[in-house]
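Every number in our numbering is 165 more than the matching position in the sequence shown, counting from 1.
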Amino acid sequence: MANTFKLKTKAGVTSLATVYTVPGSTTAIVLGLVIGNTTGSAITSTVTVDSNTSDTETNAAVELLTTTQIPGYSSLEVMGGNKIVLQTTDMLKVYGSGAVDVCLSIMEIT
Numbered sequence: 166m167a168n169t170f171k172l173k174t175k176a177g178v179t180s181l182a183t184v185y186t187v188p189g190s191t192t193a194i195v196l197g198l199v200i201g202n203t204t205g206s207a208i209t210s211t212v213t214v215d216s217n218t219s220d221t222e223t224n225a226a227v228e229l230l231t232t233t234q235i236p237g238y239s240s241l242e243v244m245g246g247n248k249i250v251l252q253t254t255d256m257l258k259v260y261g262s263g264a265v266d267v268c269l270s271i272m273e274i275t
């Protein structure tokens, strides 16, 4: 099994946007997630994980961060040292009520 570290970014998010989808035959570990508010005013952000795997016990959409305020020109580290395991076809999505930049650090296991 190969372990590959990757960085996924998305700039100017103002609607619910998919930042990452786990490829086939892959497990991904979320190592870090930073959301940066690029506006001068406070905005809110929501982070969701959509799971559509065949495993009925984990086949649900959940919010990791719900309408959380981020002050103007600042950023929020969502993971805080925690890790999340994503399975094939799981999606990590981010929403910003104003423009946010997203930086996602992952390790893919193939």
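Even glycine gets a Cβ: it sits at the ideal position worked out from N, Cα and C.
| query | Under a Cβ-count criterion, where at least 16 other Cβ atoms within 10 Å of its own Cβ denotes burial, should Tyr238 be classed as buried or exposed? | reply | On the sequence shown, residue 238 is found 73 positions in, with the first residue counted as 1. Tyr238 is classed as exposed because its beta carbon has fewer than 16 other beta carbons within 10 Å across all chains shown.
| task | Could you tell me which of Thr275, Leu241 and Thr213 sits nearest to Gly181, measuring between CA atoms? | result | In the sequence shown, counting from the first residue as 1, residue 181 sits at position 16. Correcting the residue type first, residue 181 is Leu in the shown sequence and not Gly. Of the listed residues, the one whose Cα sits closest to Leu181 is Thr213.
| query | Can you tell me where the beta strand (DSSP E) with Ser210 in it begins and where it stops? | reply | Position 45 of the sequence shown, counted from the start, is the residue given in the question as residue 210. Start and end: Ile208 to Asp215.
| request: Evaluate contact between the stretch 250 to 263 and the stretch 200 to 215, counting only Cβ atoms and requiring at least three cross-stretch pairs below 8 Å. | output: Cβ pair count under 8 Å is three or more, so yes.
| said: With a threshold of 8 Å on Cβ separation, who are the neighbours of Thr231 within its own chain once the five nearest residues in sequence on each side are excluded? | reply: Here residue 231 corresponds to residue number 66 of the sequence shown, with the count starting at 1. So the qualifying residues of the chain are Thr211.
| query | Hey, how far is the Cα of Ile249 from the Cα of Thr233? | reply | Taking the first residue of the sequence shown as position 1, residue 249 is located at position 84. Taking the first residue of the sequence shown as position 1, residue 233 is located at position 68. Roughly 19 Å between the two C-alpha positions.
| Met166 in three-state terms, based on DSSP | In the sequence shown, residue 166 corresponds to position 1, counting from 1. Secondary structure at Met166: coil, using DSSP grouped into helix, strand and coil.
| request: On a CA-only basis, which of Asp215, Met272 and Ala167 is nearest Glu228? Give me that one, please. | output: Position 63 of the sequence shown holds residue 228. Here the closest residue by C-alpha is Asp215.
| said: I need the DSSP call for Asn202, collapsed to helix, strand or coil. | reply: Position 37 of the sequence shown, counting from 1, holds the residue named residue 202. Asn202 falls in the strand class under three-state DSSP.
| How long is the line joining the alpha carbons of Glu242 and Met256, rounded to whole angstroms? | Translated into positions along the sequence shown, residue 242 becomes position 77. Translated into positions along the sequence shown, residue 256 becomes position 91. If you take the alpha carbons of Glu242 and Met256, they lie about 19 Å apart.
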